[in-house]
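Single-structure report; data block below.
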Amino acid sequence: MSPFTARPSLIKTRSPYDGSHTGAMLRDALEALGIVHHVDRPWRGLPTEYLVCSAPGRARVWIHCVADPGARTPEGRRFTDHYDLPTVALWAVAATVTDDESTRFVFNGFGDEHKPTASAGMQAGQCAAAVAEHFGLTVPRREHTCLHCARVIEWIEADGQGAWYDSSNRIECVDGESLHVPDTPEPLCGWCEDYGLIEVFDNSTDALKGHITCDNAPCVARRILRGNQAERERQAAQAQAASHECTGPLCCPPF
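Residue numbers are given in this note's numbering: position 247 of the sequence shown equals residue 243, and the series is strictly consecutive.
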């Protein structure tokens, strides 16, 4: 039985497609690293449920989210600390462990390395990585594909402060659209999701009939920008070829 269904009285982690709550972000980050976890509230004295991570032979790690003191619900009430907070109400993520040694932080979202100003997705990923390290699990290389330029982006760590870079060690998207971050907010174009093409379906059968070029303003502007850039590169290559002087029979193809 799934640990998420073992206690029907508990508030469950939200759908992984609901990116507006910390529960989904934490669950995705933990599952990506193979960390076993479930929702628990073992004592009535605890005000809310926690995400509890476990590994054979190790003490459990308890994860909860601290609410921003200034955040309010639509009804004007303060948010209660909980593992599944709206991201707009998140102040910091914390993970603790109690064993024979002490009760201590496994991940301290209030620490100098993890300021509460960091995004909810970033804190969730950092917390999951800290739990994996605590359990001695092998953390896979962190990478994703850029939405705009389709390049594989890798997390490069340096002095405890890392950043997302592509294979050319570039932190900016090659299209100049945005930084290479994994949680890029919304696509620039809501019509085609930045693919440049819109699928056309048959009204009766819903079969895919073909594609049309997206003519939404952001896509049109991006096509013009890329076209102008390609033309400049073509002219520069043509000028370089015209000014080239061969130095011998094997200088330029065909040989």
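Just so it is clear, CB atoms sit at the ideal spot from N, CA and C, and this is done for glycine as well.
- The beta carbon of residue 187 sits closer than 7 Å to those of 194, 210 and 212, all from its chain and outside the five residues before and after it, given in chain order.
- Taking C-beta atoms under 8 Å as the contact rule, residue 185 and residue 176 fail to qualify, at a distance of about 19 Å.
- In the same chain as residue 49, and ignoring 5 residues on each side of it, the C-beta atoms closer than 6 Å to its own belong to 31, 33, 57 and 127, in chain order.
- Residue 200 has its alpha-carbon roughly 48 Å from the corresponding atom of residue 67.
- Contact check for residue 64 and residue 47: beta-carbon distance about 19 Å, past the 8 Å limit, so the pair fails to qualify.
- For residue 159, the closest C-alpha among the options 239, 118, 191 and 124 is that of 118.
- In the structure shown, residue 240 adopts coil according to DSSP, grouped into three states.
- Contact annotation, residue 94 with residue 101: C-beta distance approximately 11 Å; criterion of less than 8 Å not satisfied.
- With a threshold of 16 other beta carbon atoms within 10 Å, residue 23 meets it and is buried.
- Here DSSP, grouped into helix, strand and coil, assigns residue 45 to coil.
- If you compare the alpha carbons of 26, 115 and 191 with that of residue 216, the shortest gap goes to 191.
- Secondary structure at residue 105: coil, using DSSP grouped into helix, strand and coil.
- Residues 92 and 93 of the same chain have their beta carbon placed closer than 8 Å to that of residue 99, with the five preceding and five following residues left out of the count.
- Rounded to whole angstroms, the separation of the alpha carbons of residue 197 and residue 133 is 47 Å.
- At a Cβ-Cβ threshold of 8 Å, residue 77 and residue 62 count as neighbours.
- Within the same chain, 51 and 54 come within 6 Å of residue 131 by CB-CB distance, once the 5 residues on both sides are set aside.
- Where residue 150 is concerned, the enclosing beta strand (DSSP E) starts and stops at 148 to 152.
- Assigned with DSSP and collapsed to three states, residue 97 falls in coil, not helix or strand.
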